[in-house]
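Novice:
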Amino acid sequence: MSNPVVGRLIGKELRLNWLFMAGVTFGGFVSLAVCLLGKVGFAAGAIMFVTALIAFAVTLPMQSVAGERKEKTRLFVLSLPISRGEYIWAKVVGVSLCFLAPWTVLLIAALAFILITPVPDGMVVYTTLVLIFALTDFCVIVCAAMFFTSEGALALVIIFMNMSVTFFIIGASALTRIGPDSAIDAIHWSAPALTILGSEIAVVVAVFGALYWLARREPVVI
Amino acid sequence: MHSGLTISQADPRPMYLQIKEQIRHRIALGDWKPGREVPSIRALAIELRVSVITIKRAYAELESEGVILTHHGKGSFVAEAEGLSTDLQQQELDDHLVAAARLAKLLGIDETELAARLRRAERKAEKK
Amino acid sequence: MSSAGLIVEMRNVSRRYRFFSLQDVSLQLAPGQIMGLVGPNGAGKSTTLRILMGLVPADTGEVRVFGHSMQTEQALAKKNIGYVSDDMRLFGQATLEWHMKFVASIFPGWDPAYAAKLLERFNLKPAQPIKGLSHGEHMKALLLLVLARRPKLLVLDEPTTGLDPVARHELLTELMDVLKDESRSILFSSHNTADVERISDQITFIDRGRIVDCNDKEAFLENWRRLRLDLHDGATLPAADGVVDVDVTGRIATVTTRRYAPEMHQVYRGAGAIVQEVQRMTLEEIFVATVMASRKEPAE
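Protein chains in written order, with numbering that gives the first Met the number 0: chain A, 0 to 221; chain B, 0 to 127; chain C, 0 to 299.
Dropping the structure here:
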């Protein structure tokens, strides 16, 4: 993957999506601001925050990855001096950077928000888990968007992932007993929390690993 | 060099024949004088927007007919044959006469009448 | 021609799809040549060109461009290939100017002066976003992006579809201009048999996933003829080698042959059939006759 064209394509990805990235980041900050408005504001802001990130995790790959196939822009990119595998990898890395930039900013902002404001610091653990779940969500959808040719199948994956967000938010909270109802003012990584964290990271690494391995096998993507 | 030749898509005759005929005509007229360089095959192909292979064919036939000469590496030239221009004009005349004879046969016109019509035509040509 | 020096070499390429298969396709393109690929819709022209470009792998057979195997070295080969297909799309939110800069940053052969000339000739505005372009303008933009980098090989899938007559004229002029450099070649597929007939050196006919004929253009135009014959009482036409179609209506027979020879007149006269007219055939007529004849043959 040392082809310089890969680098150019990654740069292209960032340039074409920067407005989207900026918008999501801005939306995230607005949500955090809303969180300052009392208990109701906090709940609303939290939901807005997560929704913004999940929506981004879904629409970015839809537009950038699946869109490129649907719009036959893939044919143009594949006419450049790259192999099929290099195309896939350039796309995966490019779109991931587009996601990770705002995601990192918002993760830091959310954690800082928790530590600075009167919100119990125990929320740090829970928030981290939820945000990494958004990353996991993103990875799964990137995979599906890259390889599924049926729009229906892709839509099913998205619906399933969206449903699992709610499941995760409630489930993780129950499992770790450190959800939004908790009031611990200390950062405590309990065993269940660490297990969840470990699984999420494992999924992310596995997905990227699988994508890299698949790319090397030069699959057909048009 | 600009040749000024044209290919007509409306003309039923094949492209290579049109090219041959136009080149012969220019030589017959004296426009392209003996020894003059003619456009390279590639240059003519590009100018007329016609495949190289068609120009090659036209040139090959013109060469075998002694109308042009190709010096490998130097280009193609109008043949220096004496009276080439007249020869080609003679050929054009013969071509016209054959076409007239064919038409006459189709119309059922016999030799004597054809000859009479030729004399009439000569007189017409003189008036102009 | 030996493999060395061939720009494109496809050997016995096959690819299977659910409802279509490309079978045993072989193609050769020498430097400085223009080859036209002609076939009905669904014949496999686009599939062949995509396999040629390495976008789709062949199930069997070999594809080499500039001597590089497209299976393993397609990125290297593509440095010198300009590929345009009429279903290809540029990035809608970006402008033509952005695309020009993008392509120029990837291909060292980009000629900005020539690009500017093409903008003028094709009547395109660089600041216009791609999504605002009509189909014809989009096609011209794609062509500009490949022409301006002066690639050694141009692979064009239906380049004239959707272009108005002026744009087609401009494109054909630019394509012929490519030939100024004897080492550059063009392979294009087209429905427009008039254009193919005019500018191609070699022509390949494809139908239902198979190559049905391949020859140089003048050979096609010289060998194919349609004969009109008057049949005198009791005359039956003798079988002749190369005849692909015979139509007898009353006393008139129309014979289509792919191997015309003047000797045929005598053979027919001997059987009581007098040739009244020998017609040349346009590439389109040759193509249709070829496809009809190949479809009549039992599949192997």
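Even glycine gets a Cβ: it sits at the ideal position worked out from N, Cα and C.
#1: What first and last residue would you give for the beta strand (DSSP E) that runs through residue 224(C)?
#2: Can you list, in chain order, the residues of its chain with a C-beta nearer than 6 Å to that of residue 264(C)? Leave out the 5 residues immediately preceding and following it.
#3: Chain A partners of residue 82(C), CB-CB under 7 Å?
#4: Would you mind telling me which residues of chain C sit closer than 8 Å to residue 53(B), beta carbon to beta carbon, in chain order?
#5: Just tell me which of 4(B), 30(B), 106(B) and 98(B) has its CA closest to the CA of residue 45(B).
#6: Within 9 Å of any Cβ in chain B, is that where the Cβ of residue 0(C) sits?
#7: Given a cut-off of 9 Å, decide if residue 55(C) and residue 49(C) are closer than it, judged by their beta-carbon atoms.
#8: Closer than 9 Å, CB to CB, is residue 71(A) near chain C or not?
#9: Taking just the CA atoms, how far does residue 243(C) sit from residue 302(C)?
#10: Who are the neighbours of residue 183(C) on chain B, taking C-beta pairs under 9 Å?
#11: With H, G and I counted as helix, E and B as strand and the rest as coil, what does DSSP make of residue 62(C)?
#12: On the DSSP bridge list, what partners appear for residue 200(C)?
#13: Residue 54(B) to residue 220(C), Cα distance in whole Å?
#14: Short check: CB of residue 6(C) to CB of residue 32(C), under 9 Å?
#15: In the DSSP assignment, find the unbroken alpha helix (DSSP H) run with residue 63(B) in it and report its ends.
#16: Of all Cβ atoms in chain A, is any one closer than 9 Å to the Cβ of residue 87(C)?
#17: If you draw a straight line from the C-alpha of residue 1(B) to the C-alpha of residue 136(C), how long is it?
#18: Tell me, please, whether the CB atom of residue 6(C) is closer than 9 Å to any CB atom in chain B?
#19: Could you name the residues of chain C that residue 82(A) contacts, counting a contact when the two beta carbons are closer than 8 Å?
#20: What in chain A is Cβ-close to residue 92(C), meaning under 7 Å?
#21: If contact means a Cβ-Cβ distance below 7 Å, which residues of the segment 186-211 of chain C contact chain A?
#22: Does the structure place the segment 77-94 of chain B close enough to the segment 224-237 of chain C that three or more beta carbon pairs sit under 8 Å?
#23: Restricting to Cα atoms, I'd like to know which of 82(C), 52(C) and 198(C) is closest to residue 71(C).
#24: Mind pulling the chain B residues with CB within less than 8 Å of residue 176(C)?
#25: Please list the partners that residue 120(C) has in chain B, where partner means a Cβ-to-Cβ separation under 7 Å.
#26: Considering residue 16(A), what are the terminal residues of the alpha helix (DSSP H) in which it resides?
#27: In this structure, how does DSSP classify residue 73(C) when only helix, strand and coil are distinguished?
#28: Between residue 146(C) and chain A, is any beta-carbon pair separated by less than 9 Å?
#29: How many Å lie between residue 57(B) and residue 14(B) at the Cα?
#30: Can you grab the Cα-Cα spacing for the pair residue 245(C) / residue 278(C), in whole Å?
#31: Extract the residue ranges of the beta strand (DSSP E) inside the segment 132-203 of chain C, only unbroken runs of 3 or more that lie entirely within it.
#32: What does the Cβ neighbour count give for residue 11(B), buried or exposed, with the cut at 16 atoms within 10 Å?
#33: Do residue 205(C) and residue 28(C) have their CB atoms nearer than 9 Å?
#34: Residues in the same chain with beta-carbon distance under 8 Å from residue 58(C), minus the five sequence neighbours each way, listed in chain order, please.
#35: If you measure beta-carbon to beta-carbon, which residues of the segment 146-173 of chain C are closer than 7 Å to chain B?
#36: Where does residue 36(A) sit, in a helix, a strand or coil, going by DSSP?
Specialist: Answer, in terms of the structure:
#1: As a working mapping, residue 224(C) is identified with position 225 in the third sequence. It spans 224-230 - the beta strand (DSSP E) in which residue 224(C) sits, taken as one unbroken run.
#2: Here the question's residue 264(C) lines up with position 265 in the third sequence. Excluding residues within five positions, the ones whose Cβ falls inside 6 Å are 274.
#3: Within the third sequence, numbered from 1, the residue matching residue 82(C) stands at position 83. Proximity of chain A to residue 82(C) at the Cβ level (cut-off 7 Å) is accounted for by 78, in chain order.
#4: Numbered from its first residue, the second sequence carries residue 53(B) at position 54. Neighbours of residue 53(B) on chain C, chain order: 216 and 217.
#5: Taking the second sequence and counting its residues from 1, the one referred to as residue 45(B) is at position 46. If we check each option's Cα against that of residue 45(B), 4(B) comes out closest.
#6: As a working mapping, residue 0(C) is identified with position 1 in the third sequence. Residue placement at residue 0(C) is poorly supported in this model, since its pLDDT is 49, which falls under 50; the coordinates are not used for a value here.
#7: Taking the third sequence and counting its residues from 1, the one referred to as residue 49(C) is at position 50. Taking the third sequence and counting its residues from 1, the one referred to as residue 55(C) is at position 56. Yes, they are a contact pair.
#8: Along the first sequence, one-based indexing puts residue 71(A) at 72. At least one chain C Cβ lies under 9 Å of residue 71(A).
#9: This structure leaves residue 302(C) out entirely; chain C is present only between 0 and 299.
#10: Residue mapping note: residue 183(C) aligns to position 184 of the third sequence, counting from 1. Chain B residues near residue 183(C): none, gap ~12 Å exceeds 9 Å.
#11: Residue mapping note: residue 62(C) aligns to position 63 of the third sequence, counting from 1. In this structure, residue 62(C) counts as strand in the three-state DSSP scheme.
#12: Against the third sequence, residue 200(C) aligns to sequence position 201. Residue 200(C) pairs with nothing; no bridge assigned.
#13: Stepping through the second sequence from its first residue, residue 54(B) is reached at position 55. Stepping through the third sequence from its first residue, residue 220(C) is reached at position 221. Approximately 14 Å, taken between the alpha carbons.
#14: As a first step, residue 6(C) is located in the third sequence; it is residue number 7 there, counting from the start. As a first step, residue 32(C) is located in the third sequence; it is residue number 33 there, counting from the start. The answer is yes: Cβ separation under 9 Å.
#15: What you label residue 63(B) is simply residue 64 of the second sequence in a count that begins at 1. 51-63 is the span of the alpha helix (DSSP H), which, as asked, contains residue 63(B).
#16: For the purposes of this step, residue 87(C) is taken as the residue at position 88 of the third sequence. With its beta carbon less than 9 Å from one in chain A, residue 87(C) belongs to the interface.
#17: Here residue 1(B) is taken as the residue at index 2 of the second sequence, counted from 1. Here residue 136(C) is taken as the residue at index 137 of the third sequence, counted from 1. The C-alpha of residue 136(C) is placed about 31 Å away from the C-alpha of residue 1(B).
#18: Within the third sequence, the letter at position 7 stands for residue 6(C). So, not an interface residue.
#19: Looking up residue 82(A) in the first sequence gives position 83. Within chain C, the residues near residue 82(A) are 53, 73 and 74.
#20: If you number the third sequence from 1, residue 92(C) lands on position 93. 15, listed in chain order.
#21: none
#22: no
#23: Taking the third sequence and counting its residues from 1, the one referred to as residue 71(C) is at position 72. Per the Cα distances, 52(C).
#24: Indexing the third sequence from 1 puts residue 176(C) at position 177. Residues of chain B passing the Cβ test: 45.
#25: Here residue 120(C) corresponds to residue number 121 of the third sequence, with the count starting at 1. Correct list: empty, because the minimum Cβ distance to chain B is about 14 Å.
#26: Residue mapping note: residue 16(A) aligns to position 17 of the first sequence, counting from 1. Per DSSP, residue 16(A) belongs to the alpha helix (DSSP H) from 3-33.
#27: Here residue 73(C) is taken as the residue at index 74 of the third sequence, counted from 1. Looking at residue 73(C) - three-state DSSP - the assignment turns out to be helix.
#28: The residue you call residue 146(C) lines up with position 147 of the third sequence. No - not a single Cβ of chain A is within 9 Å of the one on residue 146(C).
#29: Numbered from 1 along the second sequence, position 58 holds the residue referred to as residue 57(B). Numbered from 1 along the second sequence, position 15 holds the residue referred to as residue 14(B). Each residue's alpha carbon lies about 9 Å from the other.
#30: For the purposes of this step, residue 245(C) is taken as the residue at position 246 of the third sequence. For the purposes of this step, residue 278(C) is taken as the residue at position 279 of the third sequence. Cα-Cα distance, rounded: 14 Å.
#31: 152-156 and 184-188
#32: The count along the second sequence starts at 1 and reaches residue 11(B) at position 12. Burial call: exposed.
#33: Position 206 of the third sequence, counting from 1, holds the residue named residue 205(C). Position 29 of the third sequence, counting from 1, holds the residue named residue 28(C). Going by C-beta atoms, residue 205(C) is not nearer than 9 Å to residue 28(C).
#34: The count along the third sequence starts at 1 and reaches residue 58(C) at position 59. 13, 14 and 15.
#35: 171 and 172
#36: Here residue 36(A) is taken as the residue at index 37 of the first sequence, counted from 1. Looking at residue 36(A) - three-state DSSP - the assignment turns out to be coil, as it is neither helix nor strand.
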